[in-house]
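The block underneath contains the structure these notes are about, expressed in structure tokens.
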Amino acid sequence: MSRIDLFRTAAFRLTLGLVCVVVLGMLLELVLLYGQISAYEQLRTNDLLRRSASVLMQEAPGDLEVRLKERSTSELRIFLNAAALFDRDHHPIAGDMTSWPVGLVASQSTQNLSFVLPDHSVTVMRFLVVEVPGMQPGRTRLLVLGRSRHMVDELRHVARQCALFSMVPVVLFALTAGMILSRRALGRISKMHHSIEQIVKGQMRERLPVGRGHDDLDRLAGSVNRMLDRLEQLMGEMRDVGNDIAHDLRTPLARVQARLDRVGGLVQTLAAPPEERERFERAMTLCRRDLEQCFSVITALLRIGEIENGQRRAGFSRMDIMPLIADMADLYEPNAETQGLTLSMAPHEGPVELWGDADLLNEVLANLLDNALKFTEEGGFVTLRAGCNELDEPWFEVRDTGVGIAVEERKAVMSRFYRADKSRHVPGSGLGLSLVAAIVRLHEARLVIEENCEGEVKSGTVFRLIFPPVKENHSGA
Numbered sequence: 001m002s003r004i005d006l007f008r009t010a011a012f013r014l015t016l017g018l019v020c021v022v023v024l025g026m027l028l029e030l031v032l033l034y035g036q037i038s039a040y041e042q043l044r045t046n047d048l049l050r051r052s053a054s055v056l057m058q059e060a061p062g063d064l065e066v067r068l069k070e071r072s073t074s075e076l077r078i079f080l081n082a083a084a085l086f087d088r089d090h091h092p093i094a095g096d097m098t099s100w101p102v103g104l105v106a107s108q109s110t111q112n113l114s115f116v117l118p119d120h121s122v123t124v125m126r127f128l129v130v131e132v133p134g135m136q137p138g139r140t141r142l143l144v145l146g147r148s149r150h151m152v153d154e155l156r157h158v159a160r161q162c163a164l165f166s167m168v169p170v171v172l173f174a175l176t177a178g179m180i181l182s183r184r185a186l187g188r189i190s191k192m193h194h195s196i197e198q199i200v201k202g203q204m205r206e207r208l209p210v211g212r213g214h215d216d217l218d219r220l221a222g223s224v225n226r227m228l229d230r231l232e233q234l235m236g237e238m239r240d241v242g243n244d245i246a247h248d249l250r251t252p253l254a255r256v257q258a259r260l261d262r263v264g265g266l267v268q269t270l271a272a273p274p275e276e277r278e279r280f281e282r283a284m285t286l287c288r289r290d291l292e293q294c295f296s297v298i299t300a301l302l303r304i305g306e307i308e309n310g311q312r313r314a315g316f317s318r319m320d321i322m323p324l325i326a327d328m329a330d331l332y333e334p335n336a337e338t339q340g341l342t343l344s345m346a347p348h349e350g351p352v353e354l355w356g357d358a359d360l361l362n363e364v365l366a367n368l369l370d371n372a373l374k375f376t377e378e379g380g381f382v383t384l385r386a387g388c389n390e391l392d393e394p395w396f397e398v399r400d401t402g403v404g405i406a407v408e409e410r411k412a413v414m415s416r417f418y419r420a421d422k423s424r425h426v427p428g429s430g431l432g433l434s435l436v437a438a439i440v441r442l443h444e445a446r447l448v449i450e451e452n453c454e455g456e457v458k459s460g461t462v463f464r465l466i467f468p469p470v471k472e473n474h475s476g477a
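Residue numbering for the sequence shown follows my numbering, starting at 1 and increasing by one per position.
Quick look at the structure:
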């Protein structure tokens, strides 16, 4: 199971979405908390400035100057970060501010301004300006009080730290939990995928695994299994109907054939002109040929049904395909010579072992060779070849230089009773390749149909059967 597959699971994506929601919720909570605390600190600062101003306004003009000069040793330093007394022209009189703050306006409301500290650093302070009596009657002065916003800055820093140190563990824990849950879900999906692959290969009795949790995956697997049960039942009924029809047709056809033989024998005893007898014999020959074709179709249908039912797996064994190919080449070589074709077998050093049924593979070779000889013109070539690929998968192929099969028809030719346009004039039932497809599925092999482009040849067809490696197939049998 790769890490990329783990990250693509619905469980991991759902966990990741929940993590994002949790993180956004925490950020929103911290923003709201910071806003509330900042607003509270602002109200508290305004209240402290106004209370301090009301206390200082009650001082006598001379005492106020002394109070401001001694602020560093009094309780005022606790509440105020800056305090100074200015005349109406903004000239400093007393306090720790040597100049009028830039942008400060004499009003009853508090103001936020940047202020340069004695160490030349810049900070934001909240100022309040009030009028106080001067040393001379009728003249007023301006009392400027300031309080730093360092508490708000500290709150911002604390909120940032809280967000960092609280979100990281939450995110790591959520992601770890998501990976664990995703790995568990992916393991179950892998098992289901394996079962589906077996069903696709023709193992209709295979079913999806169902756990004990009764969750969504279990309910889905149960529904699919019930659907497969119904499909298997319907396919079985259809197959049984076809087999029953084939069985039922065989008996009356056999009776027709027997009666034709009796009629043929009876005609020999009757006095009839030679030309009438000859005409009758031609008609009887055509009838017998049609009956033989009907019998071949019925036999092929019954054979396909038997193979698709999986009743021949008991005959599987570890075998070498090379002797079987050699025997079939010797068997069909006279037919090829009669048609003016060259049938050859490519040499191969050592055995080509696979796990299969020799009789069934014999039928595969017979059907493929029969098709190759039918659709290859005089002077053509038919080649048998076998070997193992780089994945240690055994294979064998039948290669011809015939009319070929169009790309769009290569899948259709494996269907029952399908006849390509190029084969309409050739006798046959259209069941040979269907029988081959059934045997291929029974062996869990792959059938590859491609154009013959070997050497200077640019026409013809290659039927290649690729089997699973012997060790894997034998261990699973």
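Quick reminder that beta carbons are idealized off the backbone N, C-alpha and C, glycines included.
Check: In whole angstroms, give me the CA-to-CA distance for P101 and R88.; Outcome: 14 Å
Check: Given this structure, state the Cα-to-Cα distance separating P468 from R441, to the nearest angstrom.; Outcome: 12 Å
Check: Just to confirm the assignment, what range does the beta strand (DSSP E) spanning D96 have?; Outcome: Unbroken run through D96: none, as it is neither H nor E.
Check: Closest by CA to L369, which one among N335, E276, R44, S148?; Outcome: N335
Check: So what's T110 in DSSP terms, helix, strand or just coil?; Outcome: coil
Check: Would you kindly report the start and end of the unbroken beta strand (DSSP E) that includes L143?; Outcome: 140–148
Check: Whole angstroms are fine: how far does the CA of E390 sit from the CA of R424?; Outcome: Residue confidence is low: R424 scores 45 on pLDDT, short of 50, so the model does not pin down where it sits. Its coordinate-derived value is still stated next. Looking at the two C-alpha atoms, the distance is approximately 39 Å.
Check: Tell me T383's beta-bridge partners as DSSP assigns them.; Outcome: S344, R399
Check: Go to E333, then tell me how far its alpha helix (DSSP H) extends in each direction, as first and last residue.; Outcome: 321–338
Check: What are the boundary residues of the alpha helix (DSSP H) that L391 is part of?; Outcome: Premise fails: L391 is in no alpha helix (DSSP H) and is neither H nor E.
Check: Considering A82, what are the terminal residues of the beta strand (DSSP E) in which it resides?; Outcome: 82–86
Check: Beta-carbon separation of W355 and R464 under 8 Å?; Outcome: no
Check: Can you tell me which of the three DSSP states R207 falls into?; Outcome: coil
Check: Which residue comes first and which comes last in the beta strand (DSSP E) that contains G404?; Outcome: G404 -> no beta strand (DSSP E), and no H or E assigned at all.
Check: At what residues does the beta strand (DSSP E) containing V102 begin and finish?; Outcome: Note, V102: premise wrong, no beta strand (DSSP E); not H, not E.
Check: Output the distance between the C-alpha atoms of L16 and R212, rounded to the nearest integer angstrom.; Outcome: 26 Å
Check: Are the Cβ atoms of V129 and A163 separated by less than 8 Å?; Outcome: no
Check: Would you say L18 and A174 are within 8 Å of each other, going by their C-beta atoms?; Outcome: yes
Check: For S195, which residues in the same chain have their Cβ closer than 6 Å to its Cβ, ignoring the five residues on either side in sequence?; Outcome: E206, L208
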